[in-house]
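Peer 1:
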Amino acid sequence: MKKTLMKVAIGVLIAAGSIAFSLFLFQTNTVENVFGSNFFPALERKSYDALIRARGERPHTSNVVIVKIDENTLKELDYPVPRDKFGSLLYIISASGAKAIGVDYFFPTVKQDSISQFQNGLFLRFAGLSNNVFHAVGPFVPSEDFGELKAKDVDKEAYTILHPFSVPQRGARINFPRATYIDERPFDSLGMLASGVGHVLLNPDSVDGIIRKMPFFVEYAGDYYPAFGAALAFHALNVDLKDVTITPGEDGAGVRAPYLRQVAKDSTIVDSLEIPVTQHGEIQIDYAGQNNIYKEISFYDVLDAFTRGDTQILGMFKDAIVIIGPTARSIADIGATPISEKSPNCYVHANVYDQIMTSHYIGHASFGSQFFLLIVLSLAVTMASMLLKLRWSFPIGILLLGGYLWFAYSAFANTGTMYSLTQPLFAIFFSYPGAMSYISVTEGKQKAQITGMFQKYVDASVVEQL
């Protein structure tokens with residue numbers, strides 16, 4: 043009995059040490075400060091990638107269409123795409139019944155020659171005939187100063203054009219990225235024809251460059267500008283930007299807005315949109331699946347279908363949210379995502395739109411619940427190793443490990459709640475060898491004592507049995 047209690051006590055110490063060491067690696071910045079690498083937190087973020095891939099395709103919207111500025115478009119129309127062709131595209135998509143058009147593309151200052159001016163004039167004429175066109179803004183020049191921007195720091199022309207498309211700042215300040223200057227935006231004549239704007243600032247991971255989050259808002263001159271996909275979702279839900287509120291919480295903030303939800307053909311109710319964001323003002327992107335889950339068509343093929351009067355192809359735009367973006371390798375903004383090493387960023391914006399429309403958000407289990415599971419797993423593995431024979435303790439450890447991985451996967455797949463994967467694995471990894479090392483050392487001492495006591499008086503084969 044005394045021996046068993048001793049093993050239990052030692053097992054508790056081994057489990058506590060394993061838990062403390064795993065918390066030290068994953069919950070503190072010591073390793074990064076000493077070695078200049080945040081390897082362990084980065085490893086934890088990889089578990090998000092694994093869960094996204096393991097889950098596969100989730101329920102998603104069916105009305106997203108990606109119009110690709112692809113290699114074939116550049117071959118047929120040249121680069122940059124002539125503005126009159128771009129204007130024609132907007133008009134064709136709008137006339138085909140699109141609910142909104144998001145242009146993830148920047149238009150540089152037009153040249154002063156007569157041809158460029160003529161094309162730009164046609165572009166603006168067609169843009170004026172197109173409904174619900176949203177333009178990208180950004181990237182931004184970040185602000186290091188957390189005070190209010192002074193009047194002299196604000197680009198007044200940009201502010202005049204963009205301010206109507208912003209969310210007013212109310213209450214406590216949230217840690218959204220702040221900008222002193224907007225590097226790219228629709229030029230004035232185009233901005234005046236727009237129905238809205240959305241920022242395209244992405245935050246690739248500093249270690250592996252994978253896009254897992256993006257700022258939900260960017261603050262400029264005291265206003266908040268929504269992410270590109272969020273701006274399209276707000277429009278699709280008939281959300282008034284002036285009604286959007288941001289409420290700080292314990293683990294981040296909540297973006298809330300009332301909207302009208304249709305429950306029958308002639309009946310609507312007021313519902314509330316609630317979007318969780320992190321402490322740093324980011325939305326974690328719940329990728330719906332591979333990029334090809336959304337309808338796709340080449341920019342040039344849309345123009346060609348219109349020329350040929352192909353109503354079947356143009357019918358794909360009916361009631362659709364259309365995102366126009368570059369996908370050609372030579373001009374595209376291409377980044378890495380959990381589902382693709384090289385993905386055009388317009389698909390990231392489509393996923394943000396999608397998860398808002400389907401209310402698929404990724405949350406993280408509370409520290410208390412994860413800490414409790416960490417204790418249970420470490421103690422269970424350690425006690426099994428200390429009190430049971432190897433032929434039992436090893437399978438029990440494998441079952442506990444497999445059971446926890448299944449639990450974490452099920453929680454993510456069914457509720458979007460993420461439980462830590464690598465931290466418990468490391469705790470188990472430290473607990474099991476620690477316990478087995480203790481057993482090996484103590485049993486080795488016992489064997490040595492038995493051998494020393496009997497080898498002078500008993501036959502060697504008997505000593506071996508003892």
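Heads up: the sequence shown begins at 43 in the numbering used here, then just goes up one per residue. Cβ atoms here follow ideal geometry from the backbone N, Cα and C, with glycine treated the same way.
To the nearest angstrom, how far is it from the Cα of Ile288 to the Cα of Val423?
Peer 2: In the sequence shown, residue 288 corresponds to position 246, counting from 1. In the sequence shown, residue 423 corresponds to position 381, counting from 1. When rounded, the distance between both Cα atoms is 44 Å.
Peer 1: Pick from Arg87, Pro83, Asp91, Asp112: whose alpha carbon is nearest that of Asp343?
Peer 2: Within the sequence shown, numbered from 1, the residue matching residue 343 stands at position 301. Of the listed residues, the one whose Cα sits closest to Asp343 is Asp112.
Peer 1: Short check: CB of His391 to CB of Gly271, under 8 Å?
Peer 2: Walking along the sequence shown from the start, residue 391 turns up at place 349. Walking along the sequence shown from the start, residue 271 turns up at place 229. Contact flag set, yes.
Peer 1: In three-state terms, what does DSSP make of Val123?
Peer 2: Reading the sequence shown from its first residue, position 81 is the one you call residue 123. It is coil, neither helix nor strand.
Peer 1: Whole angstroms is fine: what's the gap from Ser60's alpha carbon to Ser420's?
Peer 2: Reading the sequence shown from its first residue, position 18 is the one you call residue 60. Reading the sequence shown from its first residue, position 378 is the one you call residue 420. Rounded to the nearest angstrom, the two C-alpha atoms are 7 Å apart.
Peer 1: Could you round the C-beta distance between Asn114 and Ser340 to whole angstroms and report it? I think they count as a contact, below 8 Å.
Peer 2: Here residue 114 corresponds to residue number 72 of the sequence shown, with the count starting at 1. Here residue 340 corresponds to residue number 298 of the sequence shown, with the count starting at 1. 5 Å between Cβ atoms; contact.
Peer 1: So what's Arg167 in DSSP terms, helix, strand or just coil?
Peer 2: One-based indexing of the sequence shown puts residue 167 at position 125. Note: Arg167 maps to helix in three-state DSSP.
Peer 1: Between which two residues does the beta strand (DSSP E) carrying Ser382 extend?
Peer 2: As a working mapping, residue 382 is identified with position 340 in the sequence shown. Residues 382 to 386.
Peer 1: Could you have a look at Gly144 and say whether DSSP puts it in helix, strand or coil?
Peer 2: Reading the sequence shown from its first residue, position 102 is the one you call residue 144. It is a strand residue.
Peer 1: Leaving out the 5 sequence neighbours to the left and right, which residues in its chain are closer than 8 Å to Lys49 when beta-carbon positions are compared?
Peer 2: In the sequence shown, residue 49 corresponds to position 7, counting from 1. Met428, Leu429, listed in sequence order.
Peer 1: With DSSP collapsed to three states, give me the class of Lys255.
Peer 2: As a first step, residue 255 must be located in the sequence shown, where it is residue number 213. In the structure shown, Lys255 sits in a strand (DSSP, three-state: E or B).
Peer 1: Are Gly331 and Arg167 closer than 8 Å when you measure CB to CB?
Peer 2: Within the sequence shown, the letter at position 289 stands for residue 331. Within the sequence shown, the letter at position 125 stands for residue 167. Not a contact, by the Cβ cut-off of 8 Å.
Peer 1: Which value, in whole angstroms, describes the spacing of the CA atoms of Thr46 and Ile381?
Peer 2: Locating residue 46 in the sequence shown gives position 4, where the first residue counts as 1. Locating residue 381 in the sequence shown gives position 339, where the first residue counts as 1. C-alpha separation (whole angstroms): 50 Å.
Peer 1: In whole angstroms, give me the CA-to-CA distance for Arg303 and Tyr262.
Peer 2: On the sequence shown, position 261 is the one that residue 303 refers to. On the sequence shown, position 220 is the one that residue 262 refers to. Distance between the alpha carbons of Arg303 and Tyr262: 31 Å.
Peer 1: Find out if the Cβ-Cβ distance for the pair Leu345, Leu131 is shorter than 8 Å.
Peer 2: Along the sequence shown, read from residue 1 onward, the residue named residue 345 stands at position 303. Along the sequence shown, read from residue 1 onward, the residue named residue 131 stands at position 89. Contact: yes.
Peer 1: What's the C-alpha gap between Phe68 and Leu315?
Peer 2: Within the sequence shown, numbered from 1, the residue matching residue 68 stands at position 26. Within the sequence shown, numbered from 1, the residue matching residue 315 stands at position 273. Spanning the two alpha carbons is a distance of roughly 34 Å.
Peer 1: Counting only the same chain and skipping the five closest in sequence on each side, list residues whose C-beta sits under 7 Å from that of Gly53.
Peer 2: By one-based count along the sequence shown, residue 53 stands at place 11. Here the set comprises Thr424, Met425, Met428, Ala477.
Peer 1: Does the region 281 to 296 come within contact of the region 246 to 257, defined as at least 3 CB pairs closer than 8 Å?
Peer 2: No, the region 281 to 296 is not in contact with the region 246 to 257.
Peer 1: So, is Ala96 buried or exposed, given that buried needs 16 or more other C-beta atoms within 10 angstroms?
Peer 2: Against the sequence shown, residue 96 aligns to sequence position 54. It is exposed - the Cβ of Ala96 has fewer than 16 other Cβ atoms within 10 Å.
Peer 1: Below 8 Å CB to CB, which residues in the same chain sit around Asn105 once its five sequence neighbours on both sides are set aside?
Peer 2: Within the sequence shown, the letter at position 63 stands for residue 105. Lys141, Asp361, Ala362, Ile363.
Peer 1: For Thr320 and Ile327, I'd like the C-alpha separation in whole angstroms.
Peer 2: One-based indexing of the sequence shown puts residue 320 at position 278. One-based indexing of the sequence shown puts residue 327 at position 285. Their Cα atoms are separated by approximately 11 Å.
Peer 1: How long is the line joining the alpha carbons of Pro219 and Glu324, rounded to whole angstroms?
Peer 2: Numbered from 1 along the sequence shown, position 177 holds the residue referred to as residue 219. Numbered from 1 along the sequence shown, position 282 holds the residue referred to as residue 324. Those two C-alpha atoms are separated by around 9 Å.
Peer 1: So is Gln161 buried or exposed if we call it buried at 16+ other beta carbons inside 10 Å?
Peer 2: Within the sequence shown, numbered from 1, the residue matching residue 161 stands at position 119. Flag for Gln161 reads buried.
Peer 1: Report the option in Thr202, Ile470, Pro257 whose CA atom is closest to the CA atom of Asp230.
Peer 2: What you label residue 230 is simply residue 188 of the sequence shown in a count that begins at 1. It is Thr202 whose Cα lies nearest to the Cα of Asp230.
Peer 1: With H, G and I counted as helix, E and B as strand and the rest as coil, what does DSSP make of Met234?
Peer 2: As a working note, residue 234 is residue 192 in the sequence shown. Note: Met234 maps to coil in three-state DSSP.
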